[in-house]
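Each remark here refers to the structure printed beneath this line.
Protein chains: 2
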Amino acid sequence: MKVLVIGANGQIGKHLVKLIQDNDKLEAKAMIRKEEQADFFKDLGADVAVVNLEGEIDDIAKAADDVDAIVFTAGSGPNTGKDKTIMVDLDGAVKTIEAAKHANVKRYVMISSYDTTREAIQESPESFAPYVVAKHYADEWLRAADLDYTIIHPGMLTNDTGKNQVELAEKVERGEVPREDIAQVILESLLNDSTIKKEFQVVSGNSTIEDAIKSL
Amino acid sequence: MKVLVIGANGQIGKHLVKLIQDNDKLEAKAMIRKEEQADFFKDLGADVAVVNLEGEIDDIAKAADDVDAIVFTAGSGPNTGKDKTIMVDLDGAVKTIEAAKHANVKRYVMISSYDTTREAIQESPESFAPYVVAKHYADEWLRAADLDYTIIHPGMLTNDTGKNQVELAEKVERGEVPREDIAQVILESLLNDSTIKKEFQVVSGNSTIEDAIKSL
Chain A
701 MKVLVIGANG
711 QIGKHLVKLI
721 QDNDKLEAKA
731 MIRKEEQADF
741 FKDLGADVAV
751 VNLEGEIDDI
761 AKAADDVDAI
771 VFTAGSGPNT
781 GKDKTIMVDL
791 DGAVKTIEAA
801 KHANVKRYVM
811 ISSYDTTREA
821 IQESPESFAP
831 YVVAKHYADE
841 WLRAADLDYT
851 IIHPGMLTND
861 TGKNQVELAE
871 KVERGEVPRE
881 DIAQVILESL
891 LNDSTIKKEF
901 QVVSGNSTIE
911 DAIKSL
Chain B
701 MKVLVIGANG
711 QIGKHLVKLI
721 QDNDKLEAKA
731 MIRKEEQADF
741 FKDLGADVAV
751 VNLEGEIDDI
761 AKAADDVDAI
771 VFTAGSGPNT
781 GKDKTIMVDL
791 DGAVKTIEAA
801 KHANVKRYVM
811 ISSYDTTREA
821 IQESPESFAP
831 YVVAKHYADE
841 WLRAADLDYT
851 IIHPGMLTND
861 TGKNQVELAE
871 KVERGEVPRE
881 DIAQVILESL
891 LNDSTIKKEF
901 QVVSGNSTIE
911 DAIKSL
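Those protein sequence lines, which keep their order, are chains A and B. Residues in the first sequence are numbered from 701 upward in steps of one, following my numbering. Residues in the second sequence are numbered from 701 upward in steps of one, following my numbering.
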């Protein structure tokens with residue numbers, strides 16, 4: 701199965717491309733914004749597509765035309781303005797969902813935020829709420845799309861080394877989780893069709909990721 | 701017919717409440733953000749509800765519980781940050797659509813932007829695109845809602861006195877149009893059920909607003 705990783709140059713994305721390249725059943729195509737980001741992925745033996753998420757749906761669809769699954773793990777990041785929140789986290793995400801349809805790629809894994817419900821929007825601090833709104837509508841768009849989606853809602857992301865110990869369910873208590881573990885959760889989701897049309901929160905816990913995904 | 705005007709304190713909103721109060725068939729309920737904005741509307745004999753669009757859907761639904769139609773003409777304005785574009789122009793609008801459903805108000809008139817299509821997003825200058833994105837998703841949400849909607853896409857708004865001379869169709873050439881004329885277009889839309897489930901662009905032209913709406 702060939703997987704287009706959108707946001708491959710992000711921290712989760714880099715872990716994920718490595719994990720995919722190490723797995724016999726999977727191969728990665730890294731979607732990145734700038735040509736100069738390509739070497740890291742080429743060195744891993746991954747395919748590369750240079751596409752800007754603020755560009756046309758057709759360009760994203762072209763990058764997806766030879767893959768079997770799409771993972772969206774792009775994010776505008778904490779250091780950009782709210783204009784990028786709307787252009788990347790919302791509209792960029794929606795364009796990749798539309799691109800999946802155009803390219804007939806049914807399998808789609810979305811890395812969302814811990815809680816993107818209406819309640820979470822209303823309770824978020826003013827500075828964070830626009831991000832939650834953006835992720836809320838992207839998730840809603842995906843749920844309404846006729847795709848084999850999985851929506852992953854990670855807890856507070858850390859750069860700790862992955863521990864392969866998580867708690868994973870529709871609702872879990874708020875907590876931290878290493879980005880490296882989230883990459884592994886994505887990998888196991890791709891390998892297990894039981895995650896299709898499901899969404900779940902993940903934090904660090906007491907199950908291996910393989911077991912947690914299987915008992916979902 | 702009682703009409704909840706959301707964004708009543710805006711320039712179009714003020715014209716609209718006046719026009720509604722002058723019409724025998726209609727009465728206005730002005731939804732405003734601050735109590736100190738109320739006198740203008742009370743002096744016109746209009747009802748008033750003080751509700752923040754960044755608040756809960758239930759509060760908006762409560763304001764809508766005694767009305768027969770909702771007009772959304774709120775906007776974050778050109779002087780606020782892109783966070784307000786997300787929170788008001790997108791999420792605020794969607795919350796009023798949800799509030800209409802909660803309050804069983806079927807009739808809903810949305811004041812959108814001149815062009816909120818995917819093509820318009822891609823062609824917009826970087827500083828304007830986030831606004832187009834916000835209006836795009838608000839319009840999409842309304843089209844998907846089971847409401848008797850009308851979506852009005854005005855040209856470049858001016859503060860000129862209304863001329864009651866417009867061109868109005870699904871697609872019209874880009875042009876200016878006075879806010880006072882848009883208020884009249886909203887009024888005629890409320891009075892003509894032939895505008896239900898329709899959307900149109902409006903600029904200044906050669907037909908009276910009454911004729912333009914009737915020949916839609």
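Every residue gets a Cβ at the ideal spot worked out from N, C-alpha and C, and that includes glycine.
Integer-rounded CB distance, given that Lys742/A should sit under 8 angstroms from Val748/A: 6 angstroms
Closer than 9 angstroms to chain A by CB, His836/B: yes
Arg843/B classed as buried or exposed, judged by whether at least 16 other C-beta atoms fall within 10 angstroms: exposed
Sorted by chain position, which residues of the same chain lie with C-beta nearer than 8 angstroms to Lys729/B's C-beta, five sequence neighbours on each side aside? Lys702, Val703, Leu704, Val705, Ala746, Asp747, Val748, Ala749, Ala763, Asp766 and Val767
In this structure, what does DSSP give as the bridge partners for Val748/B? Ala730/B
Nearest to Ile760/B (by Cα), restricted to the options Lys725/B, Asp722/B, Gly707/B and His715/B: Gly707/B
Below 9 angstroms on C-beta distance, what does Pro825/B contact in chain A? Those do not exist, as Pro825/B stays about 11 angstroms from chain A at its closest Cβ, beyond 9 angstroms.
With a threshold of 9 angstroms between beta carbons, is Leu790/A in contact with chain B? yes
Could you give the DSSP three-state label for Ser889/A: helix, strand or coil? helix
Closer than 9 angstroms, CB to CB, is Pro854/A near chain B or not? no
Euclidean distance between Cα positions of Gly905/B and Pro854/B: 12 angstroms
C-alpha distance - Ile786/B paired with Glu826/A, whole-angstrom precision: 11 angstroms
Classify Asn709/A as buried or exposed, calling it buried when 16 or more other Cβ atoms lie within 10 Å of its own Cβ. buried
Decide if the segment 892-911 of chain A is in contact with the segment 849-864 of chain A; the criterion is three or more beta carbon pairs, one per stretch, under 8 angstroms apart. yes
Residues of chain A with CB under 7 angstroms from Lys782/B, in chain order? Gly781, Lys782, Asp783 and Ile786
In terms of residues, what are the limits of the alpha helix (DSSP H) holding Glu754/B? Careful: Glu754/B lies outside any alpha helix (DSSP H) and carries neither H nor E.
Compile a chain-ordered list of the residues in the segment 750-765 of chain A whose CB is closer than 9 angstroms to at least one CB of chain B. Glu754, Gly755, Glu756 and Ile757
Nearest neighbour of Ser776/A, chosen from Asp739/A, Val832/A and Ala803/A [CA to CA]: Val832/A
Using three-state DSSP, classify Leu916/A as helix, strand or coil. coil
Looking only at C-alpha atoms, which of Lys795/A, Val805/A, Ala838/A and Val771/A sits nearest to Thr816/A? Ala838/A
Counting C-beta neighbours from all protein chains within 10 Å, is the total for Val889/A 16 or more, i.e. buried, or is it exposed? It should be noted that the sequence gives Ser, not Val, for residue 889/A. Burial call: buried.
Of all the residues that make up the segment 866-893 of chain A, which are near chain B by a beta-carbon distance shorter than 7 angstroms? none
Skipping 5 residues on each side, what residues in its chain have a beta carbon closer than 8 angstroms to that of Val877/B? Pro854, Gly855, Met856, Leu857, Thr858, Val866, Val902, Val903 and Ser904
Across which residues does DSSP place Glu867/A in a beta bridge pair? Val903/A
Under 9 angstroms, Cβ to Cβ, is there at least one residue of chain B near Gln822/A? yes
For Gly713/A and Phe772/A, I'd like the C-alpha separation in whole angstroms. 9 angstroms
Leaving out five residues before and five after Lys784/B in sequence, what residues of the same chain have Cβ atoms less than 7 angstroms from its Cβ? Ser776
Taking the Cβ atom as the reference point for each residue, do Leu887/B and Asn723/B lie within a distance shorter than 9 angstroms? yes
At the 9 angstroms Cβ level, is Arg818/A part of the contact set with chain B, yes or no? yes
Would DSSP call Met701/B helix, strand or coil? coil
Asp881/B: buried (16+ other C-beta within 10 angstroms of its C-beta) or exposed? buried
Can you tell which of Gly875/A, Ala845/A, Asn864/A and Glu823/A has the C-alpha that lies nearest to the C-alpha of Ile913/A? Asn864/A
So that I know if they touch, is there some Cβ in chain A lying closer than 9 angstroms to that of Ala800/B? no
Label Ser812/A either buried or exposed according to how many other C-beta atoms from any shown protein chain fall within 10 Å of its C-beta, with 16 as the threshold for buried. buried
In the DSSP assignment, the alpha helix (DSSP H) including Ala708/A goes from what residue to what residue? Premise fails: Ala708/A is in no alpha helix (DSSP H) and is neither H nor E.
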